[in-house]
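Working notes for the structure below.
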Amino acid sequence: LYSRMRRYRSGVIILLVIFVSVLASAGAEISDCYQARAVFTVTMPQLDDDVIYEIDLFQQPNPSDSLLGFDYLISWRPRSHRGAAEGFSAYFSGNHYRYSANRLQEYHFQVDSVPFCMGQNRNNGVHRSAQFVNLLPSVISGELRAMSVDSAYSCQMHADTIISGQHRRVLDAVMRVNGALARESEYVFDSLTGMPVRIRMENNPGSITEQSVWVDYDTLAFIPCGLLNEERLITLFPDAFGRYRQSTFRIDNLPGSPLPAFSLPTIDFDRYSRRASDGFRTAALVVLLSVSDGFTAQMIDAIRRGADMMPYPAEVIWAFTDNHADSIREIIGRQRAGEHILMNAESLARDCGVSTPPALLMVDSGGIVRYVSVGYNNDITSDVIQKMTLLSE
3 LYSRMRRYRS GVIILLVIFV SVLASAGAEI SDCYQARAVF TVTMPQLDDD VIYEIDLFQQ
63 PNPSDSLLGF DYLISWRPRS HRGAAEGFSA YFSGNHYRYS ANRLQEYHFQ VDSVPFCMGQ
123 NRNNGVHRSA QFVNLLPSVI SGELRAMSVD SAYSCQMHAD TIISGQHRRV LDAVMRVNGA
183 LARESEYVFD SLTGMPVRIR MENNPGSITE QSVWVDYDTL AFIPCGLLNE ERLITLFPDA
243 FGRYRQSTFR IDNLPGSPLP AFSLPTIDFD RYSRRASDGF RTAALVVLLS VSDGFTAQMI
303 DAIRRGADMM PYPAEVIWAF TDNHADSIRE IIGRQRAGEH ILMNAESLAR DCGVSTPPAL
363 LMVDSGGIVR YVSVGYNNDI TSDVIQKMTL LSE
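All residue numbers for the sequence shown refer to my numbering, where the first residue is 3 and numbers rise by one.
Written as C-alpha cells, this is what we have:
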C-alpha cells in the first residue's frame with residue numbers, strides 16, 4: 003500500500019512538473035524570457051518585525067550553457083527591515099556575480115571551475131546557491147523533480163482550484179524528517195502560463211525555530227530577450243562595480259575589445275569624448291591614475307620616457323580618477339604635445355575593470371585594446387617601447 007501511495011505521489015508531482023514545463027514553453031513562443039517582481043516575507047517569533055524584500059527576477063534560456071542551461075539576474079531591496087542590505091546576483095555563460103553589504107564577489111568558470119562544482123556536484127555550485135535563486139521558475143521546477151524521488155515528502159496536487167477569483171493549480175507538500183514535521187509548503191501556479199504565483203512555507207512548525215516564508219509574485223511578464231553580460235551589469239550597478247570590485251578579470255580580458263566610450267572633463271575644463279567605435283590618429287596610451295597613489299609620479303615618468311623613444315608620436319591620455327584640477331596639474335607637470343589630461347575618470351576606470359589605479363592600456367589606431375598592464379613595475383618603459391612599436395606595424 004505504501005508503495006502504491008508513493009508511486010501516486012511521485013506521479014502527481016511529475017505531472018505538475020510536465021504541466022509547468024509545457025506551459026512555460028507555450029509562453030516562450032511569444033517571448034523566451036521571464037521577468038517578474040516578487041515580495042518576499044519572513045516571519046519569526048523572535049523578531050519584532052517581519053523581514054520583507056522586494057525582488058526583481060529575470061531568467062532567459064541559454065541552451066549552450068552546460069552548467070545551468072539558463073541565465074539569470076536577481077536584484078533585491080529591503081522594504082522595512084532595518085539593517086538589511088540590498089544587492090544582486092547574476093549568472094551567464096560560466097560567470098557568476100553576487101553583491102551585498104558593500105561586497106562584490108565574482109566567479110568565472112574559465113579561471114576556476116571548483117566553485118561551480120563543489121564536491122563534484124554541479125547542483126551545489128555558487129551559481130545555484132545565490133540568494134533568492136530558488137524563486138526562479140526553472141529552479142522551482144527542479145525542486146519539484148527532486149521532491150518526486152524523495153521519500154521524506156508527501157504531496158497533493160489540486161489541478162484546478164479558485165484562489166482570489168482566479169483559476170490556479172496548487173501543490174501542497176509536507177516534509178517529515180525521522181517522523182517529525184519539518185516543513186509544510188504550498189506552491190500556487192498560474193493555470194495559463196504555468197508560472198509561480200505564490201509560495202507559502204512553514205519551516206519547523208510548532209517549534210522554537212518556527213519560520214514562515216511567504217512569496218507573492220505580484221508582477222509577471224514574458225519579455226524580449228536581451229544580452230546578459232558584464233557590460234549590462236556595470237550599467238545597472240555602477241556603484242557596486244566602481245567602488246567594490248577587487249577582481250582583475252575584466253581588465254585582464256579587455257585585450258581584443260574596443261576601448262569603452264567615455265566623455266570626461268579636461269583639467270582646462272574643456273571636454274574630451276569618444277565613442278567605442280572611434281579610432282585614434284595613431285596608436286594610443288590610455289593611463290588610469292590617481293593623485294593619491296604612491297607610484298603615480300613614477301608611472302608618469304616611465305611612460306613619458308617610453309613615449310619619447312617610440313618611432314612615432316603616440317597619443318597619450320592621462321585619465322585621473324580625481325576631480326581636483328590643481329592637484330592633477332601639480333603631479334603631471336607641463337602638458338606635452340599629443341597628451342590629453344582628463345579628470346573625474348572613475349566611470350572609465352570602472353568600465354575597464356580597474357579597481358585600483360594605476361593601469362596602462364595600449365590601444366591601436368582602430369580603438370581596440372591590445373595590451374594591458376595593472377600597477378607600476380620597472381618594465382613599464384621597455385613595455386611601452388616594444389609593444390607600441392608593434393602596434394605601428
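Even glycine gets a Cβ: it sits at the ideal position worked out from N, Cα and C.
Remember, predicted model here, so these are calculated numbers, not experimental data.
With burial defined as no fewer than 16 other Cβ atoms inside 10 Å of the residue's Cβ, what is the status of residue i: buried or exposed?
i      : result
Ala38  : buried
Met197 : buried
Ala231 : Here residue 231 is Asn; the residue named in the question, Ala, does not match the sequence. Flag for Asn231 reads exposed.
Arg11  : The predicted position of Arg11 is uncertain, since its pLDDT is 47 and thus under 50; no value can be drawn from it.
Ile236 : buried
Asn97  : buried
Tyr314 : exposed
Gly167 : exposed
Gln61  : buried
Thr323 : buried
His326 : exposed
Val135 : buried
Phe111 : buried
Glu204 : buried
Val356 : buried
Val289 : buried
Thr163 : exposed
Tyr378 : buried
Gly127 : buried
Quick one: Cα of residue i to Cα of residue j, how far?
i      : j      : result
Leu222 : Arg170 : 15 Å
Val257 : Val179 : Here residue 257 turns out to be Pro, not Val, going by the sequence shown. Looking at the two C-alpha atoms, the distance is approximately 54 Å.
Gly368 : Ala347 : 22 Å
Ile165 : Ser193 : 11 Å
Pro65  : Leu238 : 25 Å
Ala1   : Phe282 : In the structure as shown, the chain begins at 3 and stops at 395. Residue 1 is therefore absent and cannot be evaluated.
Val217 : Gly208 : 21 Å
Arg130 : Phe72  : 11 Å
Gln107 : Gln248 : 8 Å
Asn104 : Arg200 : 31 Å
Val141 : Ala132 : 12 Å
Ile382 : Gly296 : 16 Å
Phe118 : Tyr109 : 8 Å
Asn440 : Glu145 : Nothing about residue 440 can be read from this structure; the chain reaches only from 3 to 395.
His160 : Thr358 : 56 Å
Ser153 : Ala175 : 12 Å
Looking only at its own chain, which residues have a Cβ that is under 7 Å from the Cβ of residue i, when we skip the five neighbours before and after it?
i      : result
Thr298 : Leu291, Ser292, Ile333, Pro360
Leu393 : Ala285, Met364, Asp366, Arg372
Lys389 : Met364, Tyr373
Ala184 : Met177, Arg178, Asn206
Ile387 : Gly308, Met311, Met312
Arg277 : Ala263
Tyr274 : Leu266, Thr268, His342, Leu344
Val41  : Ile54, Glu56, Asp218, Asp220
Grab the span of the beta strand (DSSP E) containing residue i for me, first residue to last.
i      : result
Gln62  : 53-63
Leu291 : 286-291
Gly410 : Residue 410 is absent from the structure shown; the chain starts at 3 and stops at 395.
Ile157 : In the sequence under discussion, the amino acid at residue 157 is Cys, which differs from the Ile named in the question. Element bounds for Cys157: 155-165.
Asp192 : 182-192
Ala38  : 35-45
Ile142 : No beta strand (DSSP E) holds Ile142; the alpha helix (DSSP H) holding it covers 139-150.
Gln388 : Careful: Gln388 lies outside any beta strand (DSSP E), inside the alpha helix (DSSP H) at 382-393.
Just reading off the alpha helix (DSSP H) that residue i is part of, what are its end residues?
i      : result
Tyr246 : 240-246
Phe251 : 251-254
Ala327 : 327-334
Leu75  : Premise fails: Leu75 lies in the beta strand (DSSP E), 72-80, not in any alpha helix (DSSP H).
Ser102 : Run containing Ser102: none in the alpha helix (DSSP H); it sits in the beta strand (DSSP E), 97-102.
Leu350 : 348-354
Please return the same chain residues whose Cβ sits closer than 6 Å to the Cβ of residue i, not counting the five positions on each side in sequence.
i      : result
Leu350 : Phe264, Ala321
Val215 : Val44, Met203
Spatial neighbours of residue i within its chain, please: C-beta separation below 8 Å, excluding the five flanking residues on both sides.
i      : result
Ser259 : Ile370, Val371
Quick one: any contact between the region 65-77 and the region 90-98, if contact means 3 or more CB pairs under 8 Å? yes
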